[in-house]
Each structure stands twice: as C-alpha cells, then as structure tokens.
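Residue numbers (the numbering used here): 106 to 319.
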C-alpha cells in the first residue's frame with residue numbers, strides 16, 4: 106500500500122513533472138541530426154554503464170525522509186548504495202555496458218533466459234518457471250569539453266514469465282509480461298554516477314542509474 110506521501114509523488118510521476126531534466130538542444134531539431142564534428146580530437150569514445158535498481162516503497166520513503174527530499178531524482182546515491190549492498194529493500198536487477206563515440210548513436214540489445222524447477226510439497230509435482238528478459242538501449246552523446254557530456258537515451262526492458270505445474274495434476278499455465286520504457290536527455294559528468302530516470306508504480310520505485318567514463 107502506498108502512503109499519502111508516495112501517492113503524491115506518484116501523481117507527480119504521472120503528470121510528467123518528476124525529473125525536471127534540462128533539455129539538450131543539440132539532440133533535437135533537424136539541423137543537428139547529422140552534425141558530426143570534423144575535429145578528430147572531439148571524437149571521444151565514452152564507456153557507458155546503465156544500472157536498473159528496484160526500490161521497495163518502505164525503503165524509498167525512508168530514503169526520502171532521511172534526505173529531506175521530495176523527488177526520486179534527489180535520492181542520495183550513497184544511501185541507496187548502502188541499501189543495495191545490505192539487501193535492504195533495494196537491489197540491482199540489470200546492468201548494461203556499451204561504448205559510444207561523441208556525436209554518434211550506439212545501440213545494444215541483450216536477451217537472457219532463465220529456467221527454474223521446484224518440487225511442490227503435495228503429490229510430488231514440479232513447478233516450472235521460465236523467464237525471458239530483454240534489454241534494449243540506445244544512447245547518443247556529445248562531448249562538451251572537459252568532463253562534461255550531453256546525452257539522450259532510450260532504455261527498454263521487458264520480462265516475460267511463464268509458470269506451470271507438471272505432475273499428477275493437470276498442467277496449469279500462467280503468462281506474465283512486464284514492460285518498462287525510460288527515455289530522457291541529461292547532462293553527464295564523466296566518472297560520476299547519476300540518476301538518469303526514475304519511475305514509481307504501485308509495486309515499487311524504479312531508478313535508472315548511468316555512469317560515463319572517458
């Protein structure tokens with residue numbers, strides 16, 4: 106159950122006012138679609154890392170109270186990291202790494218399949234579950250000089266789950282599909298972990314972290 110505070114935050118998410126990230130003007134408009142620098146010194150290769158973190162509601166509210174913040178993008182990452190390491194209501198569900206050259210677009214897609222068998226206590230039946238996880242990332246960056254970069258990204262993640270029981274009982278099958286899509290423009294500081302995007306639903310908070318290394 107969401108508390109009144111989290112319900113108010115959820116309303117901000119739905120209204121699109123949550124992150125308040127600055128628009129990156131070079132990423133938008135036809136004039137810049139194919140504008141690549143002719144200076145080879147500006148062709149900087151950057152290693153990008155995305156980390157998707159799930160945060161339970163109780164943990165999220167505690168983090169917000171401790172840091173006196175009202176928005177997901179203001180959660181202190183040191184405290185979030187402590188929760189992840191202690192498995193205290195927060196955990197990393199996905200990590201993605203790719204390299205991109207300044208002024209160009211990079212894409213990556215990953216598919217992971219998981220299968221689990223577990224015996225049920227009654228009649229020796231076997232519960233089976235199959236999960237297919239697909240992550241797709243697109244990012245375009247521009248080196249602004251020094252350690253500053255501008256980026257636009259699209260991050261998609263889908264999880265398909267099939268559960269069924271094999272044994273003396275008739276087979277029962279249930280399909281579950283979860284989809285997440287996050288996108289934004291953001292200013293990055295090389296070497297610094299930042300919150301790229303966030304979302305809040307009735308089950309949990311989802312925070313996408315990004316780090317760029319030159």
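Glycine included, every Cβ here is placed at the ideal spot set by N, Cα and C.
All values derive from a computational prediction rather than experimental measurement.
**Prompt:** Would the segment 149 to 158 and the segment 196 to 214 be scored as touching if the rule is three or more Cβ pairs under 8 Å?
**Reply:** By the Cβ rule, the segment 149 to 158 counts as touching the segment 196 to 214, because three or more pairs are nearer than 8 Å.
For residue 305, three-class secondary structure by DSSP
strand
Skipping 5 residues on each side, what residues in its chain have a beta carbon closer than 6 Å to that of residue 239?
216 and 263
Fill in: Nearest-angstrom Cβ-Cβ length linking residue 234 and residue 198, presumed shorter than 8 Å
In fact, because the Cβ distance is near 16 Å, the residues do not count as touching under 8 Å.
* **residue 186 in three-state terms, based on DSSP** => helix
Distance, residue 162 Cα to residue 173 Cα
16 Å
So is the beta-carbon of residue 289 under 7 Å away from any non-hydrogen atom of the ligand PLP? The ligand PLP is not part of the structure shown, which contains no ligands of any sort.
| message | Whole angstroms are fine: how far does the CA of residue 185 sit from the CA of residue 252? | response | 24 Å
Own chain partners of residue 285 with C-beta closer than 6 Å, once the 5 adjacent residues on each side are dropped = Within the same chain, 262 come within 6 Å of residue 285 by CB-CB distance, once the 5 residues on both sides are set aside.
Point to revise | Spatial distance of residue 236 from residue 318 (CA atoms) | key: Going from the Cα of residue 236 to the Cα of residue 318 covers about 32 Å.
Review point. Three-state secondary structure (DSSP) at residue 148?
Key: coil
Practice item. Taking 8 Å as the cut-off, decide whether the C-beta atoms of residue 207 and residue 166 are in contact. Key: no
* Separation of residue 299 from residue 182, as counted between CA atoms -> Cα to Cα, the separation comes out at about 8 Å.
Checklist entry - Beta carbon of residue 249, beta carbon of residue 256: below 8 Å? => result no
Query raised in the report: Does DSSP put residue 165 in a helix, a strand or coil?
Result: Helix, per DSSP.
Q) Does the distance from the CB of residue 301 to the CB of residue 177 come in under 8 Å? A) no
Worksheet item: Should residue 168 go down as buried or exposed, given a rule of 16 or more other Cβ atoms within 10 Å for buried?
Response: buried
For residue 194, I'd like the list of residues in its chain whose CB is within less than 7 Å of its CB, leaving aside the five on either flank, ordered along the chain. Contacts found: 160, 161, 163, 164 and 188.
Q) So, residue 305 versus residue 157, is the Cβ gap smaller than 8 Å? A) no
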